[in-house]
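Undergrad: The structure under discussion is supplied below as structure tokens; questions concerning it will follow.
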Amino acid sequence: MSPSPSPSAAKVVVTGIGLWTGLGVDRESTWSALRAGRSAACSLADELSGEGRHDVGCPLLVDDRTIRPHGRTLSIVEETASEALNDAGLILQAPELGRSLAVEANRVATLIGLSKGCMENFGRLAWEGARQDPAEFTDGLAHSWIWKHLCWPNAGASFVAARHDLGGPCLAPVAACATGLVAVLQGAELIRSGVCDVAVAGSADASLQPLLLGAFRRMGVLARSDGDPVRAARPWDRARSGFVVGEGGAILVLERDDHARARGVLPYVEVAGGALGADAYHATTMNPDPTGLAALIGRALAQSGVLASELDHINVHGTATRINDPIECSAIRLALGHDADRVACSANKSQIGHLLGAAGAVELAITCLAIRDGFVPPTLNLDAPDPACDLDGTPHTGRSMPVRSALKLSIGFGGHLAAALLRQPDTPFRRPREHPHGG
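Per this note's numbering, the sequence shown runs over residues 19 to 457.
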């Protein structure tokens, strides 16, 4: 492999994608369902709904992928990481050598954030603790493998690094609903700084748990259902009432461009730039002044060298909450000026729900596929746009169009802000439906 270039010369590309959502058990099935305008929303079981309510969620689709004993969250991490690594051609299968990594393991970083940790495993601990004698619980389950290894926010990163013998930096970013996007941006910076050649980055979340849903219900941010669960999530619409919690995850393989070319791998996109910031306003509410988010968008464009006039698509955070949607739209308009009117926007949460800590990584993966296929997915249920959300939301039906560059925004409770700018690589890139390395 070629030596690491100087940080200013390093280009970072995406060479592998693993996806698992309520719409599909892998990358292509999820993407096909999104393109077709399908929704993963359904009514939740009584034990997950509030008293007298019929709450809606987007649970993980379980098909040929299965939930293993280590729980939903780590099962998502395990499967999406394997899919991404295979997609990037990084896993070698040789009869005489067995399974091995195709690159130098010490030059591969792992950045997987779980935001809240593995909530299902915490729930198992709480349930068992309530049923057992305190002394037995302290000496038993609380000191077991579940507690020691499978609950904490670093569990995903350490799990993948150990399973695939990845010897580079192993990090677990935590930034609420911006966690997944922060993980990818930090991975890109490690590559640009010369610390590593490859980064395995992303997030997973399985928060359809009574504790989390109860907390969101008390905050008044969950969507109300009028009987049809598919119509509950309504980003930018006048009738929006909140978000629908979804489950899933995405892992992306990031790689130095010349390193990928030396391996003969065609990338999906270039991670041209990005920016991180803080709203610095409130624990759960966005600052009503959009200038901070607008400045973040401006920094992401400037770092990437992409002009507002060259931006084709924005994958918005789009939670469908009454407060956040207009602020996000105002920030985009403030940052882009008159170019905001021609940019096609999508709010994927209308189809897969709000994946919380995994939202940024999943929606960034979707944005990569939008560039690959030249297709902007729809925003469902955008029947009557709020006048304060006056951008092109790609309502109801997706749109075939060239996507040369795209912006992804993530906004997290506590004021976490992240923006990533993707564009078609200068070198030949992976064409629609081309899978030279499987996955």
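All residues carry an ideal CB built from backbone N, CA and C; glycine is no exception.
In this text the structure is predicted, and so the values were computed from the model without any measurement.
#1: Measuring CB to CB, does V80 end up less than 7 Å from G174?
#2: Quick one: residues in its chain with C-beta nearer than 8 Å to the C-beta of S20, no 5 flanking neighbours on either side, listed in chain order?
#3: Quick one: what's got a C-beta closer than 6 Å to L400's C-beta in the same chain, skipping five residues either side?
#4: Can you list, in chain order, the residues of its chain whose CB lies under 6 Å from that of A296, leaving out five sequence neighbours each side?
#5: Do G375 and D223 have their CB atoms nearer than 7 Å?
#6: Please report how far the alpha carbon of E65 lies from the alpha carbon of R210, in whole angstroms.
#7: Kindly provide the ranges of any beta strand (DSSP E) runs that are 3 or more residues long and lie completely inside the stretch 23-70, ordered along the chain.
#8: Report buried or exposed for H356, applying the criterion of at least 16 other Cβ atoms within 10 angstroms of its Cβ.
#9: In terms of residue numbering, what span does the beta strand (DSSP E) encompassing T128 cover?
#10: Please state the DSSP three-state secondary structure of F447.
#11: Would you be able to state if there are at least three C-beta pairs under 8 Å between the stretch 285-300 and the stretch 381-400?
#12: Are the stretch 359-374 and the stretch 326-337 in contact at 8 Å, needing three or more beta carbon pairs?
#13: With distances taken Cα to Cα, identify the nearest neighbour of P228 among L62, C386, V30 and I315.
#14: Exposed or buried, which one is E273 when buried takes at least 16 other CB atoms within 10 Å?
#15: Which first and last residues belong to the alpha helix (DSSP H) in which G205 is found?
#16: Exposed or buried, T415, counting other C-beta atoms within 10 Å across all chains shown (16 or more means buried)?
#17: Name the residue from P77, C188, A99 and P171 whose alpha carbon lies nearest to the alpha carbon of N124.
#18: Going by the beta-carbon positions, is the gap between A459 and V202 smaller than 7 Å?
#19: Given G40, which residues of its chain have a CB within under 7 Å of its CB, disregarding the five upstream and five downstream residues?
#20: Would you list the residues sitting across from R441 in a DSSP beta bridge?
#21: Have a look at T84 and L37 and give me their C-alpha separation to the nearest angstrom.
#22: Buried or exposed: S327, going by 16 or more other Cβ atoms within 10 Å of its Cβ?
#23: Return the first residue and the last residue of the beta strand (DSSP E) that I332 is part of.
#24: If you follow the beta strand (DSSP E) that A219 is part of, which residue opens it and which one closes it?
#25: When you compare the CB positions of I315 and A353, do they come within less than 7 Å of one another, or not?
#26: Taking the alpha-carbon positions, what's the L468 to L208 distance?
#27: When the Cα of G205 is compared with those of V32, D244, R340 and L435, which residue comes out closest?
#28: Write down the C-beta distance between A437 and A293 rounded to the nearest angstrom, noting that I regard them as a contact closer than 8 Å.
#29: Tell me whether G55 counts as near the ligand ADP, meaning its Cβ is closer than 6 Å to at least one heavy atom of that ligand.
#30: What number of angstroms, rounded off, separates the C-alpha of S118 from the C-alpha of P171?
TA: From the atom records:
#1: In the sequence shown, the residue the question calls residue 80 occupies position 62. In the sequence shown, the residue the question calls residue 174 occupies position 156. No, they are not a contact pair.
#2: To locate residue 20, count along the sequence shown from 1; it is residue 2. Note on S20: pLDDT 42, under 50, position unreliable in the model; the coordinate value appears next. Hits under 8 Å: D276, H277 and A280.
#3: On the sequence shown, position 382 is the one that residue 400 refers to. Once the five neighbours on either side are set aside, the close Cβ partners of L400 are W254, D255, G411 and P413.
#4: Here residue 296 refers to the residue found at position 278 when the sequence shown is read from its first residue. Within the same chain, A296 has close Cβ partners G433.
#5: Working through the sequence shown from its first residue, we reach residue 375 at position 357. Working through the sequence shown from its first residue, we reach residue 223 at position 205. Cβ distance < 7 Å, so G375 and D223 count as in contact.
#6: Counting from one through the sequence shown, the residue named residue 65 turns up at place 47. Counting from one through the sequence shown, the residue named residue 210 turns up at place 192. Their Cα atoms are separated by approximately 47 Å.
#7: 30-38
#8: The residue labelled residue 356 in the question sits at position 338 within the sequence shown. H356 is exposed by the Cβ-count criterion.
#9: In the sequence shown, the residue the question calls residue 128 occupies position 110. From DSSP, the beta strand (DSSP E) with T128 extends over V126 to G131.
#10: Counting from one through the sequence shown, the residue named residue 447 turns up at place 429. Of the three classes helix, strand and coil, the one that applies to F447 here is coil, per DSSP.
#11: yes
#12: yes
#13: Counted from its first residue, the sequence shown places residue 228 at position 210. Measuring from the Cα of P228, the nearest candidate turns out to be L62.
#14: Counted from its first residue, the sequence shown places residue 273 at position 255. Buried, since its Cβ has 16 or more Cβ neighbours within 10 Å.
#15: Here residue 205 corresponds to residue number 187 of the sequence shown, with the count starting at 1. First-last of the alpha helix (DSSP H) with G205: T197 to R210.
#16: Locating residue 415 in the sequence shown gives position 397, counting from the first residue. Exposed, because fewer than 16 other Cβ atoms sit within 10 Å of the Cβ of T415.
#17: By one-based count along the sequence shown, residue 124 stands at place 106. Closest by alpha carbon: C188.
#18: The structure shown has nothing for residue 459, since the chain only spans 19 to 457.
#19: Residue mapping note: residue 40 aligns to position 22 of the sequence shown, counting from 1. If we look at G40 and ignore the five residues flanking it on each side, its Cβ neighbours are A58, C76, P77, L78, L79, G264, E265, G266, I370 and G371.
#20: Locating residue 441 in the sequence shown gives position 423, where the first residue counts as 1. Bridge partners of R441: E288 and S423.
#21: Here the question's residue 84 lines up with position 66 in the sequence shown. Here the question's residue 37 lines up with position 19 in the sequence shown. Answer to the nearest angstrom: the Cα atoms are 14 Å apart.
#22: Taking the first residue of the sequence shown as 1, we reach residue 327 at position 309. Exposed is the call here.
#23: Walking along the sequence shown from the start, residue 332 turns up at place 314. H331 to N333 is the extent of the beta strand (DSSP E) around I332.
#24: Working through the sequence shown from its first residue, we reach residue 219 at position 201. Counting along the chain, the beta strand (DSSP E) containing A219 begins and ends at V216 to A224.
#25: As a working note, residue 315 is residue 297 in the sequence shown. As a working note, residue 353 is residue 335 in the sequence shown. Yes, the pair counts as a contact, with Cβ atoms nearer than the cut-off.
#26: The structure shown does not extend to residue 468, since the chain is modelled only from 19 to 457, so the question has no answer here.
#27: Reading the sequence shown from its first residue, position 187 is the one you call residue 205. Minimum Cα distance to G205 is reached at V32.
#28: Translated into the one-based positions of the sequence shown, residue 437 becomes position 419. Translated into the one-based positions of the sequence shown, residue 293 becomes position 275. Yes, A437 and A293 are in contact; Cβ-Cβ is about 5 Å, under 8 Å.
#29: The ligand content of the structure shown is nil, which means the ligand ADP is not present either.
#30: In the sequence shown, counting from the first residue as 1, residue 118 sits at position 100. In the sequence shown, counting from the first residue as 1, residue 171 sits at position 153. So the two alpha carbons sit approximately 27 Å from each other.
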